[in-house]
Amino acid sequence: MELKIPEYILSIKPYTPGKPIEELEREYKISGSIKLASNENPLGPSPKAQKAMKEAMGILNRYPDASGYYLTQKLAAKLGVRPETVVLGNGSDDVIGMLARALLQTGDEAVMTAPSFLMYEILVKSVGAAPIFVPLNKLAVDLDAMALAITEKTRMVFINNPNNPTGTFIKQGEFEAFLKKLPSSVTVVLDEAYIEFARDPDCLNGLSAIGENPPVAVLRTFSKVYGLAGIRIGYGIMPADMAGLLHRIRQPFNTSSLAQVGAAAALDDDAFLQQTLHLVETELIFLQTALNEMGVTSFPTQANFFLIDVKQDADRVFQKMLEEGVIIRSMVSYGYPQYVRVNVGTRQENIRFLKAFEKVMGKMSQEIGG
Ligand SMILES: *Cc1c(COP(=O)(O)O)cnc(C)c1O
Numbered sequence: 001m002e003l004k005i006p007e008y009i010l011s012i013k014p015y016t017p018g019k020p021i022e023e024l025e026r027e028y029k030i031s032g033s034i035k036l037a038s039n040e041n042p043l044g045p046s047p048k049a050q051k052a053m054k055e056a057m058g059i060l061n062r063y064p065d066a067s068g069y070y071l072t073q074k075l076a077a078k079l080g081v082r083p084e085t086v087v088l089g090n091g092s093d094d095v096i097g098m099l100a101r102a103l104l105q106t107g108d109e110a111v112m113t114a115p116s117f118l119m120y121e122i123l124v125k126s127v128g129a130a131p132i133f134v135p136l137n138k139l140a141v142d143l144d145a146m147a148l149a150i151t152e153k154t155r156m157v158f159i160n161n162p163n164n165p166t167g168t169f170i171k172q173g174e175f176e177a178f179l180k181k182l183p184s185s186v187t188v189v190l191d192e193a194y195i196e197f198a199r200d201p202d203c204l205n206g207l208s209a210i211g212e213n214p215p216v217a218v219l220r221t222f223s224k225v226y227g228l229a230g231i232r233i234g235y236g237i238m239p240a241d242m243a244g245l246l247h248r249i250r251q252p253f254n255t256s257s258l259a260q261v262g263a264a265a266a267l268d269d270d271a272f273l274q275q276t277l278h279l280v281e282t283e284l285i286f287l288q289t290a291l292n293e294m295g296v297t298s299f300p301t302q303a304n305f306f307l308i309d310v311k312q313d314a315d316r317v318f319q320k321m322l323e324e325g326v327i328i329r330s331m332v333s334y335g336y337p338q339y340v341r342v343n344v345g346t347r348q349e350n351i352r353f354l355k356a357f358e359k360v361m362g363k364m365s366q367e368i369g370g
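With the first letter of the sequence shown counted as 1, position 50 gets the number 50 in my numbering; the numbers rise by one all the way through.
Below is the structure:
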C-alpha cells in the first residue's frame, strides 16, 4: 500500500474499546460481574420500547423510513419544536459527526473542555479541524474561559451539560450571558445526554436557549435514561437551515427501523422514565452516604454517575475492582489520576460495588502503609 493519509487522520489516537464482559470474566475467572462504567440504565431498556421492537421484527426486510417521520413528529410535539429543526442520528455521536462534516473544514477550530467527551475531539479532527481545549474549573465548565478561547478561526464550541465525567452543571443565566459573547459564525453544540437526570431547578435546559445568533444545536439521546444504548439512536435540535444541511449529508438510512420504533415507544413510557429517575435519585444518596461513612470523598452530581477521589492511582483501583467483578472507569486518561467514575446501578449492584470498594481500598491502604 502507498496510501497518502492526511496528517489530521494520523493525529487521531485509536479508540480503545473495553473488552466484552464475557471476555473479562474468562480472563479473571470471575462470574456475575457488574458494569458501572458507561452510564447506562441498570433497569434495562424501556419495556414499551422492547415490546414495540419485538413487534417490528416482521418489517426488517424493508429499508427504514429515511425521514424517520413518526419519531420526528413525536419528538417535535413532545419538545414543542418544529419537526424541521430535528435531526435523528445513529446515536447522538452520529449527529456530532454530521455537524462536524457540515460546518467544519481544515484550519477551523472547535473549542471544547479538557477533559471532554472523546467523540468531540475524534470527529473534529476527522474533518481536519483543530480541537482547542479549555480546562474545567473545579470540575465545572468554565464558560468565561471558553469565551476567551474563541478566535477568528473558531466555528464550533462543545458544551456538555450536565457534564460527563464530572457531573457538574451550568445555570440558565450563565449560559445566556455566554451566548451574548459569541459571534454568530460560531455554532454552540450543547450536548444534553444527561439532561433528564438533572435535579437542580437552576440547571440550564438548552431548548429554552435555542436561537440563531449564535446558532445553538442541542443534542439528546435515547442511550441513557431510556436504556436504549445498544440500538443506537439520538437526535439534535437546531435551526431549520442547519438541520437542512445535515439532512443533505447524512446517510439516508442512518437510523434503523427498530431504533425508530423503539425510541418512539420509549417516549411514551413515562412509568419507566419515572422509575429510572427515582432509582438514580435514591441510589445516589445511598451510595454517596455509604462512601461518606467510609471516609471516602465523592463529588456532587446532576447526572446518573459521579466521581470518587480514591487518593491513589485510579488505574490500580480500577484493576483491583475488576478482579472483584466490578467494572468502573478510571479517570487517569481524563487527567484525574486519582479519581474513578461510577454510575448508579440497582440497589443490589450498588451494595456489591460498596463491598468490593471497601475491600479494595482496605487492602490498598495496607499495601501503602507497608
Ligand atoms: C453517553 C453520551 C452521549 C450519548 O451518545 P450516543 O451516541 O447517543 O449513545 C453523548 N454525549 C455524552 C457526553 C455522553 O456521555
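Every residue, glycine too, gets a C-beta built ideally from N, C-alpha and C.
In this text, all values refer to a predicted model and were calculated from it rather than measured experimentally.
When S257, A147, T106 are compared against I59, the one with the closest alpha-carbon | Measuring from the Cα of I59, the nearest candidate turns out to be S257.
Span separating the alpha-carbon of R82 from that of A76 = It is roughly 6 Å from the alpha-carbon of R82 to the alpha-carbon of A76.
So which of I233, K180, K224 has the shortest CA-CA distance to N213?
-> Comparing Cα-Cα distances from N213 to each of I233, K180, K224, the minimum goes to K180.
Whose C-beta lies closer than 6 Å to the C-beta of D191 among residues of the same chain, with five residues either side of it excluded?
-> The answer, listed in chain order, is N160, L219.
Endpoints, the beta strand (DSSP E) within which N343 is located | In the DSSP annotation of this structure, the continuous segment of the beta strand (DSSP E) that includes N343 starts and ends at 339–343.
Could you tell me which of L3, T16, E40 sits nearest to K224, measuring between CA atoms?
-> For the options L3, T16, E40, the alpha carbon positioned closest to that of K224 is the one of E40.
Candidates P64, Q275, N205, V188: closest to T346 by CA position = Closest in alpha carbon position to T346, among P64, Q275, N205, V188, is Q275.
Counting only runs that start and end within the region 66–136, where is the beta strand (DSSP E) found for 3 or more residues in a row?
-> List check, beta strand (DSSP E) in window: 86–89, 109–114, 130–135.
Residue from R155, F197, S184, V111 whose Cα sits closest to the Cα of H278 = For H278, the closest alpha carbon among the candidates R155, F197, S184, V111 is that of F197.
Less than 8 Å between the CB atoms is what I'm expecting for F353 and V342, so what's the real figure, rounded?
-> Contact between F353 and V342 is confirmed by a C-beta separation of about 7 Å, below the 8 Å threshold.
Taking a cut-off of 5 Å, which residues have a beta-carbon closer than that to any heavy atom of ligand 1, in chain order?
-> Per the Cβ criterion, the list is G91, S92, D93, F117, N160, N164, D191, A193, T221, S223, G234.
S33 beta carbon less than 8 Å from that of I327 = Contact annotation: I327 and S33 have beta-carbon atoms nearer than 8 Å.
Where R250 and M98 are concerned, what is the direct C-alpha to C-alpha distance, given to the nearest angstrom?
-> One C-alpha to the other measures close to 7 Å.
In terms of DSSP beta bridges, what is L179 paired with?
-> Bridge partners of L179: none, in fact.
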